[in-house]
Ligand SMILES: NC(=O)c1ccc[n+]([C@@H]2O[C@H](COP(=O)([O-])OP(=O)(O)OC[C@H]3O[C@@H](n4cnc5c(N)ncnc54)[C@H](O)[C@@H]3O)[C@@H](O)[C@H]2O)c1
């Protein structure tokens, strides 16, 4: 994988806003300085990223690929002048595209990852990297062989609070962390299941390339509900582990510099959203790490009281890191004083 190429902007950009620091808007860019971007999958997340790409002065959105006509039309409205194609291979054939952003459903990430590198383009792919571990191994091998920039879209990894927490933990300010509790709690009115999206009236077999969506899953007639609500079903999704836990566990592992867990267990099931979905709405997962640290993650869709959170319980101090990024509250006066003196901490707006 290439290090520090001019296209490193992808690593820091929209995709992590620090690109603005590297390429301030006042800088006048020539065509050769711009990274020409293509996108695969412009649904919910893809459209958020599309808006952010349009704000990066050193990027030029050239084309998008999506299997659904509606999404292609929406993208063209957001970025008039771009090309919109129905097959990602046509996008990858375009010589005037340098870098690809993938925001397709999880079960197609591996194909889009491998095809993008094979086409010689840089890649930013939304989390989670792949649907299965063998697919992740294939992608890792391809990335190692490639000289292209590759980043997986865990954008909280680019946060200032993570950089600071990592430093403070490394510097020994918080002592040895033996336990981390983390959670994600949501709620939705009864009968309106969390994550369930309404199927648009024009989401028909004529307007969707269903075979491309299935990506090798068993052939069957078009199912608009599954096409729109793919994250509720195991054949397309990893449930809340790959949708949300991934963000928090990656953050914790980076902050504490943890290796892969040595043991893991998980309990839960479909306890509150009994609407035909397969993936659990209620989860308690425990991960044990070789560095004498245990991390728990809990998720519920039936009580949002605690929101999102991470709490470390080290030997010496207790730190509460509220989620998403932005504030770190510490219970020790020593650390509080230190943080308040630091410009970085002010940027983080401590909550005390
Ligand atoms: N980082 C974050 O905070 C965040 C937030 C939401 C979603 N995501 C991730 O983004 C990805 C997409 O999620 P979403 O909610 O936008 O899903 P979505 O269903 O809204 O969008 C997926 C898009 O991909 C298109 N698509 C399906 N098959 C395709 C194919 N073979 N080729 C090209 N396009 C295809 C669909 O038509 C749709 O427009 C997922 O991996 C999800 O985990 C990340």
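In our numbering, the protein residues as written are 4 to 355. The beta-carbon is built from N, C-alpha and C at its ideal position, and this holds for glycine as well.
Review point. To the nearest whole angstrom, what separates the beta carbons of residue 300 and residue 188, a pair I think is in contact under 8 Å?
Key: Taking the Cβ atoms as the reference, residue 300 lies roughly 11 Å from residue 188, outside the contact range of under 8 Å.
**Study point:** Beta-carbon contacts of residue 239 that lie in its chain and below 6 Å, excluding the five residues immediately before and after
**Key:** 108, 110 and 233
Practice item. State yes or no: is the C-beta of residue 183 within less than 8 Å of the C-beta of residue 296? Key: yes
Review point. Given a threshold of 16 other Cβ atoms within 10 Å of its Cβ, counted over all protein chains shown, does residue 283 qualify as buried or as exposed?
Key: buried
Review point. Helix, strand or coil for residue 306 per DSSP?
Key: coil
Practice item. Check the C-beta distance from residue 117 over to residue 154 and give it rounded, since I have them as a contact under 8 Å. Key: Between residue 154 and residue 117 the Cβ distance is about 16 Å, and since that is not below 8 Å, they are no contact.
Review point. Can you tell me whether residue 42 is buried or exposed, with buried defined as 16 or more other CB within 10 angstroms of its CB?
Key: buried
Point to revise | Sheet register partners of residue 270 (DSSP bridge) | key: 287
**Study point:** Which of helix, strand or coil DSSP assigns to residue 252
**Key:** helix
Point to revise | Coil, strand or helix - residue 73 by DSSP | key: helix
**Study point:** Own chain partners of residue 119 with C-beta closer than 6 Å, once the 5 adjacent residues on each side are dropped
**Key:** 103 and 126
Review point. Considering only C-alpha positions, which residue in the set 157, 91 and 162 is nearest to residue 212?
Key: 91
Practice item. Run the CB neighbour count on residue 231, radius 10 Å, all protein chains shown included, and call it buried at 16 or more, exposed below. Key: buried
Review point. Is there at least one non-hydrogen atom of ligand 1 closer than 7 Å to the beta-carbon of residue 218?
Key: yes
Practice item. Determine the extent of the alpha helix (DSSP H) in which residue 164 is found, giving its start and end residues. Key: 163-173
Check your understanding: Does any heavy atom of ligand 1 sit closer than 7 Å to the C-beta of residue 276?
Key -> A distance criterion of 7 Å places the beta-carbon of residue 276 beyond contact range of ligand 1, judged by its closest non-hydrogen atom.
Point to revise | Whole-angstrom C-beta distance between residue 172 and residue 259, which should lie under 8 Å | key: 6 Å
Review point. Residue 331 by DSSP, collapsed to three states: which one?
Key: Low local confidence applies: a pLDDT of 43 at residue 331 is under 50, so the model's placement there is unreliable, with the coordinate-based value given in what follows. It is a strand residue.
Check your understanding: In terms of residues, what are the limits of the beta strand (DSSP E) holding residue 39?
Key -> 38-43
Practice item. Check whether the stretch 143-150 touches the stretch 267-278, taking contact to mean three or more Cβ pairs, one atom from each stretch, closer than 8 Å. Key: no
Practice item. Please name the residue or residues paired with residue 296 in a DSSP beta bridge. Key: 292
Exercise for review: Give the C-beta separation of residue 305 and residue 190 to the nearest angstrom, bearing in mind that I take them to be a contact with Cβ-Cβ under 8 Å.
Suggested key: 6 Å
**Study point:** C-alpha distance - residue 177 paired with residue 294, whole-angstrom precision
**Key:** 16 Å
Check your understanding: Around the C-beta of residue 333, are 16 or more other C-beta atoms found within 10 angstroms, so that it is buried, or is it exposed?
Key -> Low confidence applies here, because residue 333 scores a pLDDT of 40, under 50, leaving its location unreliable; read the following figure in that light. Buried.
Check your understanding: Would you report the Cα separation of residue 86 and residue 48, rounded to the nearest angstrom?
Key -> 19 Å
Point to revise | Sheet register partners of residue 188 (DSSP bridge) | key: 303
Review point. Grouping DSSP H, G and I as helix and E and B as strand, with all else coil, what is residue 211?
Key: DSSP, read as helix, strand or coil, puts residue 211 in strand.
Check your understanding: How would you write the range of the alpha helix (DSSP H) that residue 117 sits in, first residue to last?
Key -> 112-121
Check your understanding: DSSP three-state call for residue 26: helix, strand or coil?
Key -> Note on residue 26: pLDDT 32, under 50, position unreliable in the model; the coordinate value appears next. If DSSP states are grouped into helix, strand and coil, residue 26 belongs with coil.
**Study point:** Option in 199, 219, 220 and 208 with minimal Cα separation from residue 242
**Key:** The candidate whose alpha carbon is nearest that of residue 242 is 199.
Practice item. Could you tell me the boundaries of the alpha helix (DSSP H) in which residue 55 lies? Key: 47-57
Exercise for review: Can you give me the Cβ contacts of residue 169 inside the same chain, cut-off strictly under 6 Å, excluding the 5 residues immediately before and after it?
Suggested key: 258
Exercise for review: With a threshold of 16 other CB atoms inside 10 Å of the CB of residue 101, please say whether the residue is buried or exposed.
Suggested key: buried
Check your understanding: Does the beta-carbon distance from residue 52 to residue 81 come in below 8 Å?
Key -> no
Point to revise | C-alpha distance - residue 138 paired with residue 113, whole-angstrom precision | key: 6 Å
**Study point:** Contact set for residue 71: own chain, Cβ-Cβ below 6 Å, skip 5 residues either direction
**Key:** 211
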